[in-house]
Each structure stands twice: as structure tokens, then as C-alpha cells.
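Worksheet for the structure shown next.
Protein chains in written order, with the numbering used here: chain A, 203 to 768; chain B, 581 to 666.
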């Protein structure tokens with residue numbers, strides 16, 4: 203059967219599955235809508251968190267980006283996994299014990315102030331909207347690439363699917379579809395990775411194959427071969443990077459702390475029953491994420507080696523079929539500038555004749571490895587699962603910020619449960635439409651901002667939550683000042699050094715503060731937030747007694763409150 | 581009542597000790613072995629990997645997973661010891 207038919211069958215089946223689950227798990231109460239009723243098992247929550255977390259970017263683009271960055275790709279690998287250690291140890295158990303529905307809930311109650319709650323709502327919306335616009339675009343791109351529809355049509359199909367199960371099922375529907383989506387995406391990622399690993403190194407485990415010897419019996423290690431090929435073509439050796447140590451450090455820290463501060467990740471830990479379940483599900487989530495995150499760098503090495511060997515000095519007339527196939531999509535572009543009929547792929551920009559899109563490393567893998575057509579279709583279903591699951595998680599944060607934090611807690615506290623549920627569903631509809639609009643008409647800055655959503659989360663939520671749990675004396679004045687200064691500083695740096703709106707053009711690297719790129723600046727803004735919070739709180743009154751009691755309570759895994767009533 | 585408060589404080593202190601140890605390891609493998617000392621460690625090898633590179637792209641992730649499960653084990657034991665388990 204041809205690829206297109208297989209793609210329709212497999213993608214169609216996976217969508218039918220998601221919709222079936224959505225109908226089965228409709229939300230009947232606000233508790234079900236916001237936190238899936240609070241009774242999700244740690245295993246299901248771990249899988250759902252992993253799917254929520256891994257976006258189209260993780261699934262499709264990451265391995266490709268790393269294959270061009272070499273060692274420097276470690277900032278993503280460590281940055282997007284190490285944050286779970288912070289989540290599991292410093293946040294998840296205590297926020298679960300606190301037991302409310304949203305992150306602004308915690309900030310608002312712990313800092314006994316509407317101002318704090320409003321600042322938190324604004325931060326949550328800012329972070330989630332920038333992030334979700336990129337996801338909807340991702341859905342459109344995947345659809346257009348595999349089903350050969352227009353990108354905008356793809357975005358609309360994606361909107362309808364997400365609308366259906368997010369509006370109907372709320373967190374409950376999203377959780378169980380995410381479990382299914384995790385299974386689809388991890389299977390789709392690992393099958394081609396395993397086959398390619400066997401072909402290149404004879405080892406079925408990609409993580410080991412990456413450090414193994416080539417299957418050709420030469421006894422050469424794959425990594426040594428790749429280092430050799432890279433330097434021969436004038437690139438840096440694959441195992442050494444080109445970013446400064448300071449910048450690698452700062453970016454990794456910003457991504458880790460940002461991960462731990464992202465509302466759509468944190469809120470997942472409100473859905474389990476007990477504090478110990480929150481801890482365990484954080485561990486399981488990272489385990490499920492690590493399967494993909496340790497295989498991705500292996501895929502990067504395989505794909506990079508394969509690519510260089512295929513194209514290096516080869517006459518253009520002799521390239522394999524997959525090369526010509528992907529040329530048609532514009533992801534591979536060959537320009538024979540010196541007219542010798544051979545492909546020159548080198549670091550020197552003037553002599554280089556081949557332009558390669560990051561995404562091709564994962565997308566073309568099944569063809570490079572000569573895998574059957576159903577595997578290619580599976581990769582399409584996997585990419586869609588990754589994009590849809592993340593978009594749905596973000597949309598839920600947006601809709602609960604509006605219906606719960608804004609309407610219920612601030613505008614109309616006497617709203618009935620039923621009306622609040624209607625409001626939640628309506629805000630989900632509005633959020634999907636706004637996200638879809640940005641997916642179809644992406645503002646130029648969205649791509650730049652998505653990477654910086656982590657910086658914003660690091661600069662705003664992380665310090666306020668950590669201090670709220672670990673420092674009893676932290677008061678509303680300190681927390682609010684810290685969040686406002688942190689996020690303002692991050693926005694300023696982004697606008698100045700990433701988008702260049704304050705100058706005639708984007709200022710050069712040399713002007714970066716401490717040599718830290720905008721991607722890594724979240725770690726500086728976070729430290730400033732901590733410092734401002736601590737200093738201001740010293741000069742302002744301590745929080746009231748009952749708030750200090752809340753802090754005591756969340757530190758214990760079970761009812762200090764219940765114990766008093768005995 | 582006083583005894584209850586003391587018990588809670590002892591529990592919190594032990595928890596903080598665990599956190600300090602686990603986070604120190606978290607920092608050492610990622611920021612230490614994977615970034616600050618990666619060049620030095622690259623002189624050593626683990627099969628086909630240079631050691632610093634391995635920590636940066638593989639090893640630190642495995643250790644992160646192990647750290648969380650060790651934390652889960654330690655905290656469950658601590659909860660039992662203080663009678664805070666549900």
C-alpha cells in the first residue's frame with residue numbers, strides 16, 4: 203500500500219481513539235474539568251505528563267537541531283529533563299498537598315492578596331499563549347506535510363479535534379487522551395530509531411548503539427567516525443561545542459527552572475490522589491520522557507553520519523531516492539554553485555551547496571533506513587499526537603485561568619458550580635479559536651517567543667512558589683515585587699536582544715550581559731526575582747498567622763489540619 | 581500539641597537533608613560533569629563515548645530519573661517513620 207493510504211488509516215484510527223476516549227470521559231463537575239476529579243493513578247498521570255510535556259518540537263525538531271549543534275544540544279537534553287528533579291523534590295508534593303486547582307490559586311492564597319493572584323494570572327496567560335500558538339502551527343505543519351493539505355486547513359482540523367475533547371472532557375478527557383497519545387508517540391519515535399541503530403551499529407538499543415562500533419566490522423567507534431567527518435568538512439568536532447561555557451550553563455538552568463515553573467506541567471500534579479502519588483508520578487513522567495530524550499541524541503548521531511556519508515562529494519546524479527523525495531518538499535535544497543555536478547556540503551558558507559532543514563532528520567529517517575510505508579505513517583501519527591497533547595494541556599490552563607481564577611475568584615465569587623463549568627467550557631472554546639488564529643496568522647515574533655516562554659516561567663513563578671513553600675517569612679510585598687521585576691526584566695531583555703525592537707537592529711552578541719543569550723537570560727531574571735523578593739520581604743510585615751499555618755500544613759504529606767480537629 | 585509541632589519540625593529537617601544531598605548530586609552530574617568539567621572528562625572514555633559528552637547527553641538524564649525514584653523511596657520511608665503515610 204502506498205504511504206498516503208497508510209497515513210490516512212493510521213492517523214484516522216488514532217483520532218477515532220482520542221475522540222472515543224473523550225466521549226467516555228466527559229467532565230461532569232468543575233473538579234473533573236480542572237483536575238480530572240483528583241483521582242488519576244500515578245502511572246496514568248506519568249504518561250499524561252510526558253505527552254503533555256513533549257511537543258511537536260521535541261518529537262520532530264529536537265533530534266535534528268541537536269545533530270547540527272553537536273555537544274551544545276545538551277542544553278535541551280539536560281534542560282528539559284533536569285527540571286523534573288526540581289518539580290519532584292521542590293514543588294509537586296507541596297502543591298498537591300495544598301490541593302487547589304491552579305497555580306494562581308496557590309499564589310493568591312499563599313500571598314493572601316488579589317494583586318498577587320492577578321499578577322500570577324497574567325503570567326500564566328502570557329506563558330501559555332506564547333507556547334500554544336507555536337503548537338497549533340506545529341499541528342498545521344505536520345498535517346500539511348503528511349496529508350498534503352494546506353497548512354491552514356491542517357490548523358483547522360487540529361482545532362476541531364482539540365476543541366472536541368478539551369471542551370467536552372476538560373482535564374479528565376485530556377488526561378486519558380494524553381495517555382493514548384503518549385503510547386502512539388513513543389512507539390512512533392522508537393521504531394525507526396531501533397531499526398537505524400541496528401543498521402549502523404548492530405545494536406538494537408539506540409542509546410547503546412550511539413556509543414558502539416560501526417557495523418561494517420572496521421572496529422571504528424561511531425562517534426569517532428562522526429567527529430572525523432565533521433572536522434574534515436570544516437565543522438567543529440561533534441563532541442565539542444561552540445557556545446561559551448557560561449551560556450551553556452545559563453541556558454540549561456533557564457530551561458530546567460522554566461520547566462518546573464510551567465503552569466501546564468505543574469497543574470498535572472493536582473490530578474493525583476495523594477502526596478506520595480504526586481512524587482511517584484513525577485518520577486514516572488521523567489522515566490517516560492527520558493526514553494525519548496536519551497534516544498533523540500542517538501538519532502541525531504545516526505542521521506548526521508548517514509547524511510554526511512550520503513552527500514559528501516557525491517555526483518548529484520547518483521543520490522538515493524529519499525534524497526530526491528525530500529528535495530521536492532524544499533527541506534533539502536541543493537544548488538550546484540560551482541557547476542561540477544557534485545554535492546559540496548561543507549562548513550564554509552561560500553562553498554557550501556546544500557541547505558538542510560532540521561526537521562528532516564526525524565522525518566526522513568524511515569526512508570533512509572528503508573523501512574516499510576506503515577512506519578512512515580506511524581511517524582505522522584506520532585508527530586500529531588505530540589502536537590495535539592501539548593496544545594490541549596495548554597488550552598486547559600488558559601481556560602481555567604479565565605473561568606476559575608478570573609471569574610470565580612475575582613469577578614463573580616458567587617457563581618454556581620454549573621455556571622462555572624459552562625464558563626470553563628466557553629473559555630476553552632475562545633482559547634482554541636485564539637490559538638488557531640495565531641496558528642494561521644503567526645505573528646513574526648511567535649517562533650522567537652516560544653523558546654522564551656521558559657525564561658518567562660523561570661523569572662516569574664518558580665521563585666514565588668519555592669519561597670512560598672520553603673520560606674515561611676516570605677510575604678505578599680516581596681513575592682509580588684519579585685514576580686513583577688523578574689518578568690519585566692525578562693521581557694526587556696527579550697525585546698532588546700532577541701527582537702531588536704529598541705534599536706535599529708538586533709544588538710550583536712558582544713553586548714549581551716555577562717555573555718548570556720536571551721534564551722539563557724531567564725536564569726538571571728530568576729536570581730533577580732529571588733533577590734528582590736528576599737530584600738523587600740525583610741522591610742515589610744511578616745505574613746499573618748493563618749498563612750504561616752498554611753505553610754506548616756503543606757510541608758506535611760497528610761492532614762495537619764485534620765489532626766487539629768480530632 | 582507542642583510535641584506535634586516538634587515532630588513536624590524534625591520531619592521537615594530530615595526532608596531538607598535529603599533534598600540537599602539529592603540536589604547536590606543533581607547539580608554535580610549536570611552542571612559539573614556535563615558542563616563545567618566536560619572538557620576535562622572528555623579525556624576519559626566510556627566505550628565509544630567521550631565521558632564529558634556522555635554525561636551531557638546521556639548520563640545526567642539517567643541519573644535524574646534515578647534521583648527521583650531514590651527520593652520517592654526515602655520519603656515513603658520517612659512518612660512511615662513519622663506516621664504521616666496515608
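Cβ coordinates follow ideal geometry from the N, Cα and C atoms, glycine included.
For residue i, the three-state DSSP class (helix, strand or coil)
i	result
residue 377 (chain A)	helix
residue 441 (chain A)	coil
residue 664 (chain B)	coil
residue 623 (chain B)	coil
residue 468 (chain A)	helix
residue 767 (chain A)	In this prediction, residue 767 (chain A) has a pLDDT of 29, which is less than 50 and means its spatial position is unreliable; nothing more can be read from the coordinates.
residue 557 (chain A)	strand
residue 762 (chain A)	Reliability of the predicted coordinates at residue 762 (chain A) is poor, the pLDDT of 35 falling under 50, and the value obtained from them is presented with this limitation in mind. Reduced to three states, the DSSP call for residue 762 (chain A) is helix.
residue 629 (chain B)	strand
residue 327 (chain A)	helix
residue 588 (chain B)	helix
residue 151 (chain A)	Absent from the structure is residue 151 (chain A), since the part of chain A shown begins at 203 and ends at 768.
residue 521 (chain A)	coil
residue 617 (chain B)	coil
residue 657 (chain B)	helix
residue 704 (chain A)	coil
residue 534 (chain A)	strand
Any C-beta of chain B under 9 Å from that of residue i
i	result
residue 478 (chain A)	yes
residue 589 (chain A)	no
residue 745 (chain A)	no
residue 748 (chain A)	no
residue 501 (chain A)	no
residue 442 (chain A)	yes
residue 401 (chain A)	no
residue 495 (chain A)	yes
residue 451 (chain A)	yes
residue 425 (chain A)	yes
residue 457 (chain A)	no
residue 276 (chain A)	yes
residue 754 (chain A)	yes
residue 406 (chain A)	no
residue 727 (chain A)	no
Anticipated Cβ contact below 8 Å, residue i with residue j, distance rounded
i	j	result
residue 290 (chain A)	residue 485 (chain A)	6 Å
residue 344 (chain A)	residue 582 (chain A)	7 Å
residue 268 (chain A)	residue 278 (chain A)	7 Å
residue 555 (chain A)	residue 538 (chain A)	6 Å
residue 720 (chain A)	residue 677 (chain A)	Contact flag wrong, Cβ pair sits at about 31 Å.
residue 587 (chain A)	residue 393 (chain A)	With 8 Å as the limit, residue 587 (chain A) and residue 393 (chain A) do not qualify as a contact, their Cβ atoms being about 14 Å apart.
For residue i, the nearest candidate out of the options (CA to CA)
i	options	result
residue 578 (chain A)	A:490, A:390, A:717	A:390
residue 631 (chain A)	A:237, A:339, A:367, A:311	A:367
residue 551 (chain B)	A:717, A:247, A:273, A:335	Beyond the ends of chain B as shown, which are 581 and 666, falls residue 551 (chain B); an answer cannot be given.
residue 641 (chain A)	A:334, A:576, A:252	A:334
residue 494 (chain A)	A:388, A:487, A:411, A:593	A:388
residue 781 (chain A)	A:403, A:408, A:753	In the structure as shown, chain A starts at 203 and stops at 768, and residue 781 (chain A) therefore has no counterpart that could be examined.
residue 636 (chain A)	A:364, A:240, A:352	A:364
residue 649 (chain B)	A:417, A:478, A:246, A:318	A:478
residue 653 (chain B)	A:355, A:207, A:483	A:483
residue 628 (chain A)	A:639, A:469, A:658, A:601	A:601
residue 658 (chain A)	A:644, A:310, A:500, A:728	A:728
residue 436 (chain A)	A:733, A:551, A:355	A:551
residue 530 (chain A)	A:740, A:255, A:350, A:704	A:350
Beta carbon proximity, residue i to chain A, threshold 9 Å
i	result
residue 659 (chain B)	yes
residue 633 (chain B)	yes
residue 619 (chain B)	yes
residue 647 (chain B)	yes
residue 624 (chain B)	no
residue 665 (chain B)	yes
residue 608 (chain B)	no
residue 586 (chain B)	no
residue 636 (chain B)	yes
Closer than 8 Å: residue i CB and nearest the ligand SAH heavy atom
i	result
residue 269 (chain A)	Although the ligand SAH was asked about, the structure shown includes no ligands whatsoever.
- Is the region 300-320 of chain A close to the region 594-607 of chain A, with three or more CB pairs under 8 Å? yes
Worksheet item: How about the region 512-524 of chain A and the region 440-455 of chain A: do they share at least three Cβ pairs that are nearer than 8 Å?
Response: no
Validate contact between the region 211-225 of chain A and the region 555-563 of chain A using beta carbons, cut 8 Å, 3 pairs = no
### Query
Is it true that the region 464-481 of chain A meets the region 328-343 of chain A, where meeting means three or more beta-carbon pairs spaced less than 8 Å apart?
yes
query = So, do the region 616-623 of chain A and the region 228-236 of chain A have three or more beta carbon pairs nearer to each other than 8 Å?
reply = yes
Can you find at least 3 beta carbon pairs, one from the region 651-671 of chain A and one from the region 291-299 of chain A, that sit closer than 8 Å?
-> As far as the Cβ criterion goes, the region 651-671 of chain A touches the region 291-299 of chain A, which means the pair count is three or higher.
>> Check whether the region 450-461 of chain A and the region 238-253 of chain A are in contact - that is, three or more C-beta pairs closer than 8 Å.
In response: no
### Message
If contact is defined by three or more beta carbon pairs under 8 Å, each pair taking one atom from either stretch, is the region 399-414 of chain A in contact with the region 427-438 of chain A?
### Response
no
* Asked: Is the region 721-728 of chain A in contact with the region 690-697 of chain A, if contact means three or more CB pairs nearer than 8 Å?
  -> yes
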